[in-house]
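The structure appears right after this line, and notes come after that.
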Amino acid sequence: MASSRALACYHQLIQMANITLCTLEEPLLQPFWDYLHTNYQDTLRSPLFPVIISVSTYFILVALYTVLDFLAQKWHCINKYRIHPEKPVTWKKIWRTLGLTTYNHLVFIFPASVCQWYWRPPTPLPKEAPSLSQFMFGILACTILFDFQYYLWHILHHKIKWLYSNFHAIHHEFSEPFSLATQYQSAWELISVGFWVTANPILLHCHCLTAWVFMMFSIWISTEDHCGYDFPWSLHNLVPFGLWGGALKHDLHHQKPTTNFAPFFSHWDWLGGTSSDAFTAKSKK
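Printed below as a string of structure tokens:
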């Protein structure tokens with residue numbers, strides 16, 4: 001009798017463990033994905049959707065930072081977080097950067113988007129959402145891969161004079177970056193960077209939801225790199241051991257163009273001997 005009860009308890013424990021494991025393995029993002037899939041299927045399947053979220057994310061972010069730039073001129077509580085508080089962002093800088101950004105989007109991005117919309121078939125939408133671990137790891141993997149790609153691209157465009165003069169020099173017109181300087185660059189740079197952001201999730205076989213969030217995440221951290229602010233909640237102050245460069249690191253690159261080539265992480269500059277001593281000292285404080 002006792003053995004049969006023990007066996008019954010054992011079976012109950014096994015069943016409870018199986019239920020728990022199934023619950024943990026069930027994608028936490030599934031309800032959100034089901035909602036999007038049910039209500040916005042046509043929008044999500046459009047080849048224009050990634051372009052729309054990328055462009056809108058960028059302009060929303062730079063609009064917020066630009067408002068901060070103007071408020072910083074009157075409010076010390078904001079200006080004290082600027083890396084160069086003595087050099088305000090002027091209307092002249094804003095119109096210059098906004099003009100080139102708008103030109104590149106109208107002349108290059110918009111026609112390419114129309115061609116993509118015309119030739120590319122609708123995006124297939126899987127019924128299952130990615131698990132939370134797949135989602136997070138996919139974004140991290142895409143970010144690491146992009147960081148390596150841009151590090152090599154960046155070094156080549158600084159070391160080879162023809163590439164620098166014809167394509168990358170325009171991005172270095174401002175020695176103190178601000179948010180709108182993020183995409184103040186040649187069309188070649190804008191297109192090549194956009195290509196990697198789009199291609200990496202495909203290369204790594206990511207879920208389309210992961211790919212879209214990675215696009216927005218990469219735009220956010222790129223804008224934060226150029227924002228000109230050192231907030232306590234900025235990503236470079238949250239990631240330990242100086243592993244994340246952020247605005248401080250990229251600001252030093254604009255002042256010392258032979259250093260700090262990696263866009264996000266710090267390890268490639270450490271390994272390649274291209275890390276700025278000033279940034280290394282700052283990160284150890």
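Take the sequence shown: its position 165, counting from 1, is numbered 165 in the UniProt record's numbering, and each next residue is one higher. Positions of the beta carbon are idealized from the N, C-alpha and C atoms, including for glycine.
Asked: Measuring alpha carbon to alpha carbon, tell me which of A181, I155, L204 ends up nearest T223.; Found: A181
Asked: Between which two residues does the alpha helix (DSSP H) carrying S131 extend?; Found: S131 -> no alpha helix (DSSP H), and no H or E assigned at all.
Asked: Expressed to the nearest angstrom, what Euclidean distance is found between the alpha-carbon atoms of V114 and I139?; Found: 27 Å
Asked: Can you round the beta-carbon distance between P263 and D225 to whole angstroms, since I take them to be within the 8 Å contact cut?; Found: 7 Å
Asked: What residue does the alpha helix (DSSP H) around Y65 start on, and which one ends it?; Found: 49-72
Asked: Among E189, L125, Q255, C142, which residue has its Cα nearest to the Cα of N39?; Found: L125
Asked: Tell me the rounded alpha-carbon separation between N200 and I170.; Found: 26 Å
Asked: Assign W244 to one of three DSSP states: helix, strand, or coil.; Found: strand
Asked: Compute the distance between the beta-carbons of F261 and Y151, then report whether it is under 8 Å.; Found: yes
Asked: Which residue from T101, T259, F217 puts its Cα closest to that of E189?; Found: T101
Asked: Need the endpoints of the alpha helix (DSSP H) that R96 sits in, please.; Found: 91-104
Asked: Return the chain-ordered list of same chain residues with a C-beta closer than 6 Å to the C-beta of G273, the five sequence neighbours on each side being excluded.; Found: none
Asked: Just the Cα atoms here: how many angstroms apart are F178 and I83?; Found: 10 Å
Asked: Which residues in the same chain have their Cβ closer than 8 Å to the Cβ of L132, if we skip the five residues on either side of it in sequence?; Found: P27, L28, L29
Asked: Where does I219 land, buried or exposed, given buried means 16+ other C-beta within 10 angstroms?; Found: buried
Asked: How many angstroms separate the CA atom of K93 from the CA atom of L68?; Found: 15 Å
Asked: Just to confirm my understanding: we take P121, look at its own chain, exclude 5 residues before and 5 after, and list those with CB closer than 7 Å. What are they?; Found: none
Asked: Nearest-angstrom Cα distance between M136 and P240?; Found: 19 Å
Asked: Report the start-end ranges of each alpha helix (DSSP H) in the UniProt domain "Fatty acid hydroxylase" (140-274) that is 4 residues or longer and not cut off at the edges.; Found: 187-203, 208-226, 235-238, 246-255, 267-272
Asked: How should H76 be labelled, buried or exposed, when 16 other C-beta atoms within 10 angstroms of its C-beta is the threshold for buried?; Found: exposed
Asked: If you follow the alpha helix (DSSP H) that F32 is in, where does it begin and where does it stop?; Found: 30-39
Asked: Return helix, strand or coil for R120, following the three-state DSSP convention.; Found: coil
Asked: Which one of I109, G228, S276, A112 has the shortest CA to CA distance from V62?; Found: G228
Asked: So who's on the other strand from R82, going by DSSP bridges?; Found: Y229
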